[in-house]
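Residue numbers (the working numbering): 5 to 407.
Where is the CB? At the ideal position from N, CA and C, for every residue including glycine.
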RNA sequence: CGGGGUGUAGUGUAUCGGUAACACGCUCGGUUCGGGACCGAGAGACAGGCAGUCCAAUUCUGCCCUCCCCGACCA
């Protein structure tokens, strides 16, 4: 991608209302744009980042046998009435009606929809277990959207649902998902804690949250060294004196929901003894857009964002000075490298500042000073976003470093 | 939803009763070309909206809206 045609341009100043780090940096660097409170466009680079986050999630979901699909976002009132959540979730659910007065909800989650699929398609214990997931928009009427992209009214979520014949089988899978989620957040590079929490409007049982330690978080979690899990303040009763604590951002949450949904929606299967039994159910969510915002909160400096190679919008940022770089750009592309080539006719300082702001982990510079592969010796300046050191490498060495 | 802020060119700000200025950005020309370079010339705003006060309102008053922050709420 040539930076001269990248949409949009970077900004020198953050919007004046922006206070949170992710809001300031993601807007300045051109990753997202605000339409209204809690509502964001993911601009081309922002979408690339989210796509990479999604891909990591997808790989780990597929690895535990989950099947990807896509469900509607416009839901009929009737299905929400079946569980009583049309009224129970009134505060958070966007409701609308069409010209004929038929009422709908914009999806804030999909338990009811999956349960409907299950009752239509699952008849025997032989049909279970099943786990399905999708990536889609969630609408939640937050009383107060805030903190940039961390708490929006419309955001992306990967939600996974699993169905089982027994509680044991559900809990076995629940643990699998817990491991898969841990693997995802480890791959993404977060310092996070698996945290015991309550279930909110979803279940009376305990649940687990995946909490990234950050002052920008809304939750407070407690843990003791050596414990496998932290505890959310909301469920930690009693003495906190032996615990360490931190603010944290919830990036994922898993719920062992049990048979509550199946009982209300008549989703039964026939077991080995020919008896009708309710399906055991669990749901599991990760918010990729919040993950992006969280990454910026925990990985930036005073110059800009610092992506890691897993979710960086591009693998390398090639800066051409004095009109150089085009041939290196072509070579990198041909080598399969996803490169952002700053071919703009602007001062070098502006290019370097933008590179720092955008935060691609590897920066290459080609100029009169470095020489040019097509010319003679061929040297490319190599620098990592997190380091002040630069070194001169030839093309092959650069490729080796990147891969 | 309660409380507190906020709203002026694309962005960030100034003016604070006499009809809007500056910086950045943008356009054109020229000089530059390794950390947002320089010179010159331009374009760009019925000052969030609606009422009201006043000879006169961006400026004062009221209502509404917006966005941000604190709280409540919250997969």
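Secondary structure at residue 185: helix, using DSSP grouped into helix, strand and coil. When DSSP states are grouped into helix, strand and coil, residue 39 belongs to the strand group. Excluding sequence positions up to five before and after residue 300, its CB lies within less than 7 Å of the CB of 25, 26, 29, 30 and 309, all in the same chain and listed in chain order. If the five residues before and after residue 245 are omitted, its C-beta is found closer than 7 Å to no C-beta atom of its own chain. Distance from the CA of residue 17 to the CA of residue 191, rounded to the nearest whole angstrom, comes to 32 Å. A distance below 9 Å separates the beta carbons of residue 385 and residue 369.
In the three-state reduction of the DSSP assignment, residue 247 falls in the coil class, being assigned neither a helical nor a strand state.
Sorting 402, 362, 166 and 374 by C-alpha distance to the C-alpha of residue 390 places 362 at the top.
It is roughly 24 Å from the alpha-carbon of residue 139 to the alpha-carbon of residue 148. Residue burial annotation: residue 36 is buried, with at least 16 other C-beta atoms found within 10 angstroms of its C-beta. In this structure, DSSP gives residue 220 a state outside helix and strand, which the three-state scheme calls coil. Taking C-beta atoms as the reference points, residue 290 and residue 129 fail to come closer than 9 Å.
A distance of 9 Å or more separates the beta carbons of residue 322 and residue 372.
When the five nearest sequence neighbours on each side are left out, the beta carbons in the same chain lying within less than 6 Å of the beta carbon of residue 152 are those of 24, 26, 27 and 297, in order along the chain. Relative to residue 179, the option among 84, 364, 82 and 287 whose CA is nearest is 287. Residue 270 and residue 127 have their C-alpha atoms roughly 11 Å apart. Take the alpha-carbon of residue 335 and the one of residue 238: they are about 55 Å apart.
In the DSSP assignment, residue 274 is bridged to 128 and 280.
Looking only at 183, 397 and 175, the smallest Cα-Cα distance to residue 262 is reached by 175. Per DSSP, reduced to three states, the secondary structure at residue 389 is coil, with no helix or strand assignment. When C-alpha distances from residue 32 are compared across 41, 42 and 21, the shortest belongs to 21. Bounds of the beta strand (DSSP E) holding residue 134 are 134-143. With a minimum length of 3 residues, the unbroken runs of beta strand (DSSP E) contained wholly in the segment 78-102 fall at 78-80 and 98-101.
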